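Q:
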Amino acid sequence: MGASLKRAAHDILIGNDLGGYTVPTKGLYPYQWNWDSVFVALGFATFDLDRAWRELETLFEGQWTDGMVPHILFRKNDPGYFPGPSVWQTSHEPFPTSGHSQPPVAAIAVRDMFEKAPTDENAERAKGLFPKLMAFHRWWATYRDPSGEGSVAIIHPWESGRDNLPDWDEPLSLVDVSRIDAYERKDTTHVDASMRPLKQDYDRYMAILQSGRAVGWDPHKVVENSPFLVADPAITMILLRANRDLLALAERLGFQRERVEIQGWIARLERGVASLWNETVQAYTTKNLRSGVFGAGVSSAAFLAPFAGISDPKVLDPMRNHFDRIAGKVTYMVPSYDPDYEGFEHMRYWRGPVWAVVNYMIARGLREQGDTLRAERVRQDTANLVAKSGFAEYFSPIDGTGAGGRSFSWTAAVWLAWVSPTHAVEAA
Ligand code: GLC
Numbered sequence: 003m004g005a006s007l008k009r010a011a012h013d014i015l016i017g018n019d020l021g022g023y024t025v026p027t028k029g030l031y032p033y034q035w036n037w038d039s040v041f042v043a044l045g046f047a048t049f050d051l052d053r054a055w056r057e058l059e060t061l062f063e064g065q066w067t068d069g070m071v072p073h074i075l076f077r078k079n080d081p082g083y084f085p086g087p088s089v090w091q092t093s094h095e096p097f098p099t100s101g102h103s104q105p106p107v108a109a110i111a112v113r114d115m116f117e118k119a120p121t122d123e124n125a126e127r128a129k130g131l132f133p134k135l136m137a138f139h140r141w142w143a144t145y146r147d148p149s150g151e152g153s154v155a156i157i158h159p160w161e162s163g164r165d166n167l168p169d170w171d172e173p174l175s176l177v178d179v180s181r182i183d184a185y186e187r188k189d190t191t192h193v194d195a196s197m198r199p200l201k202q203d204y205d206r207y208m209a210i211l212q213s214g215r216a217v218g219w220d221p222h223k224v225v226e227n228s229p230f231l232v233a234d235p236a237i238t239m240i241l242l243r244a245n246r247d248l249l250a251l252a253e254r255l256g257f258q259r260e261r262v263e264i265q266g267w268i269a270r271l272e273r274g275v276a277s278l279w280n281e282t283v284q285a286y287t288t289k290n291l292r293s294g295v296f297g298a299g300v301s302s303a304a305f306l307a308p309f310a311g312i313s314d315p316k317v318l319d320p321m322r323n324h325f326d327r328i329a330g331k332v333t334y335m336v337p338s339y340d341p342d343y344e345g346f347e348h349m350r351y352w353r354g355p356v357w358a359v360v361n362y363m364i365a366r367g368l369r370e371q372g373d374t375l376r377a378e379r380v381r382q383d384t385a386n387l388v389a390k391s392g393f394a395e396y397f398s399p400i401d402g403t404g405a406g407g408r409s410f411s412w413t414a415a416v417w418l419a420w421v422s423p424t425h426a427v428e429a430a
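Listed below in C-alpha cells is the structure:
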C-alpha cells in the first residue's frame, strides 16, 4: 500500500510537469501557481533535487520588477480557465501573470532543499534565488503593512490561498458588485458546484480584481483602492517563518549585509501576529483593516503559531484546547474551519475541508515544538485520507471523502515529502 501510493504520487508529479513547471492539476488549474509550486518542489526533492530547484527557478521567472511573485503564471493561454490573462491585464514579460501574490512559502523550501544536501552546486542554486527571495519579502514589508501594526494585509481572498474562508464573509459583504463586467465561470465545469465558492462570492472576487486592474496594478494604489483589505494570520505567520529561514540562509550562504534587514522584518511580524490575537475567540484570527472587525471563528491558521516559531504559553495553551476540542468532533484533522461554527461546511473548499499542505505546516510546527502527539495525529489523519480517497485537492474532515480536483500535485508532493516515508497507512 505505502509503496504503491508513493509510486502514484511520483507519477502525479511527473504527469503534471509541463516542462520545468508543474500545474496543480490538469483542467481545473492549467497554469503554474505560486505556493503549489513550492510544495511541489519539496515533493520533487525526494527523488530529483535538480528538478526541484527548477520548479522554484521557473516560479521566480514570474517575479515582477517590484518584487511581487504573482499567484498565477500564465505561460500559455488556456481557454478552459477563468479568469485568464485577458481579464487580469497585467504587464509582466515575457508572459502575463495574475495581479496579486500568495502565501510566501518559497524561502522555507529553499532552506530545506539546501540543507538536505549542502553541496557547492546546491549552494549556487540557493544563492541564485536568495536576492529574489529578498526582493519578494521586501515587497511584502513595503506594501502590505498599511496599518503599521506589522501584520500582513491581503487585497483579495485569493491572495490568502484560502479562497472562501468564512472569515472573508464580513469584508466581502462590504464589496460593491454593481459595476462588475459580465463573466462566465469555468471552475464549475470541472468540479461540482457544491464544492466550490458561491456566485455571490465570485461576483465579489471579480469586483476586487477589477479594482486592481483599474489602477494598473500599481502596488501602492492597489492597496488604497481595494474594497477588500484584511490582515491574514496565515500569511503573517508563514512570512514570519519564511523570514526566519531566510535569515538562516543568509548566515549559511554568506549574505551578511542582508541580515539586519531580515531581523527587522522578523521583529515587525512578531508584533503583527500579536495584533491578530482575538480575545473573544482565544485564537489568532483575521482582522478587516477597513472595518476593524475580527474574524469570527477558529480557522486552521490558528494552528500555524508553532510553525511561525511562537512559543508563548498564553497563546499555545488555548491553541491546544481548540485542537483537542476540534479533534473530538472530526474524524480527520485539521478542518480549515471550526466545525462548531455555523459557517462550517465539510465539503466546500475552505469552509471546512482538510488540505494536506496546511496539515504539513501545522504538523511540522507542532513537531518542532516537541508536541509529537498532536503532530502525529495530523500526519496519521493525512495518511488515512489519502489512503481512503487518493490524491484529491481537499477532503471532508467528517467522512474523508475526496473533493475538488484529482491527481493533485501538492497533495502528492506532501505525501512524498512528509506523510509517506516512515509510517504505515490504514487500508482503503
Ligand atoms: C485554489 C486554492 C489555492 C491554490 C489553487 C491551486 O485556488 O484555494 O490555495 O493555490 O487552488 O491549487
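Take the sequence shown: its position 183, counted from the start at 1, is 185 in the working numbering, and no numbers get skipped.
For each residue, glycine too, the CB sits at the ideal point set by N, CA and C.
Please read all numbers here as calculations on a predicted model, not as lab measurements.
1) Beta-carbon within less than 7 Å of L20's beta-carbon, same chain only, minus the 5 sequence neighbours each way: which residues are those?
2) Tell me whether the beta-carbon of V179 lies closer than 8 Å to the beta-carbon of D205.
3) Measuring straight from C-alpha to C-alpha, what distance separates R9 and V416?
4) Could you check the C-alpha separation between V193 and V262 for me, to the nearest Å?
5) Just to check my reading of the structure: G101 and W90 have Cβ atoms closer than 8 Å, yes? What is that Cβ distance to the nearest angstrom?
6) Nearest by alpha-carbon distance to A137: which of G69, K188 and E186 is it?
7) What residues in its chain sit with their C-beta under 6 Å from that of P308, if we drop five residues either side in the sequence?
8) Listed in chain order, which residues are found with a beta carbon closer than 5 Å to a heavy atom of the ligand GLC?
9) Is W35 closer than 8 Å to P105 when the C-beta atoms are compared?
10) Runs of 4 residues minimum, wholly inside the region 161 to 227: which ones carry the alpha helix (DSSP H) assignment?
11) Can you grab the Cα-Cα spacing for the pair P221 / T67, in whole Å?
12) With hydrogens ignored, establish whether the beta-carbon of N280 is closer than 7 Å to any heavy atom of the ligand ADP.
13) Give the straight-line distance between the Cα atoms of S103 and I156, rounded to the nearest whole angstrom.
14) Among the residues of its own chain, which have a CB less than 7 Å from the CB of Q128, if the five just before and after it don't count?
15) Considering just the uninterrupted stretch of the alpha helix (DSSP H) at P320, what are its terminal residues?
16) Please classify S213 as buried or exposed, where buried requires at least 16 neighbouring CB atoms within 10 angstroms.
17) Assuming K134 and F62 form a contact by the criterion Cβ under 8 Å, report the distance between their Cβ atoms to the nearest whole angstrom.
18) Can you give me the C-alpha to C-alpha distance between E428 and Q382, rounded to a whole angstrom?
19) Determine the direct distance from the alpha carbon of S6 to that of A426, and round the result to whole angstroms.
20) Could you compute how far the alpha carbon of M208 sits from the alpha carbon of L387?
21) What residue does the alpha helix (DSSP H) around G45 start on, and which one ends it?
22) Let me make sure I understand the geometry here. Which of L271, A233 and R259 has the alpha-carbon closest to that of R246?
23) In whole angstroms, what is the alpha-carbon distance linking R181 and E95?
24) My assumption, with CB atoms under 8 Å, is that V295 sits in contact with E172. Please give the rounded CB distance.
25) Cβ of I210 within 8 Å of Cβ of P235?
26) If you drop the 5 nearest sequence neighbours on each side, which residues of the same chain put their C-beta closer than 8 Å to that of F84?
27) Use the C-beta contact count for N290: other C-beta atoms within 10 angstroms, 16 or more gives buried, fewer gives exposed.
28) Just to confirm, is the Cβ distance from M321 to F346 under 8 Å?
29) Helix, strand or coil: which one does DSSP assign to A426?
30) Going by CA-CA distance only, name the one from M363, E395, Y351 and D401 that's closest to S196.
31) Taking the DSSP output, what are the residues bridged to L75?
32) When you compare only the Cα positions, how much space is there between S313 and T238?
33) Would you mind giving the Cβ-Cβ distance between E57 and S39, rounded to the nearest angstrom? I have them listed as a contact below 8 Å.
34) For the alpha helix (DSSP H) that F118 lies in, which residues bound it at each end?
A: Let me spell this out:
1) none
2) yes
3) 13 Å
4) 47 Å
5) 5 Å
6) G69
7) G367, L368 and Q371
8) P26, Y31, W35, D38, G163 and D165
9) no
10) 171 to 175, 189 to 192, 201 to 216 and 221 to 227
11) 11 Å
12) Questions concerning the ligand ADP fall outside what the structure shown contains, since the ligands it does hold are the ligand GLC.
13) 9 Å
14) Going by the sequence as given, residue 128 is Ala instead of Gln. Result list for A128: V112, F116, L251 and L255, in chain order.
15) P315 to A329
16) buried
17) 5 Å
18) With a pLDDT of only 40 at E428, under the threshold of 50, the placement of this residue in the model should not be trusted, and no figure is reported.
19) Low per-residue confidence applies at A426: pLDDT is 41, beneath 50, and the placement is therefore not dependable, though the value from the model is reported in the following sentence. Spanning the two alpha carbons is a distance of roughly 12 Å.
20) 33 Å
21) N36 to F46
22) L271
23) 29 Å
24) 5 Å
25) no
26) Y185, E186, R187, K188 and D189
27) buried
28) no
29) Its pLDDT being 41, under 50, A426 is placed unreliably by the model, and the measurement read from it follows with that caveat. Looking at A426 - three-state DSSP - the assignment turns out to be coil, as it is neither helix nor strand.
30) Y351
31) Q34 and T99
32) 16 Å
33) 5 Å
34) The residue you asked about is not Phe; residue 118 is Lys in the sequence shown. Per DSSP, K118 belongs to the alpha helix (DSSP H) from A108 to K118.
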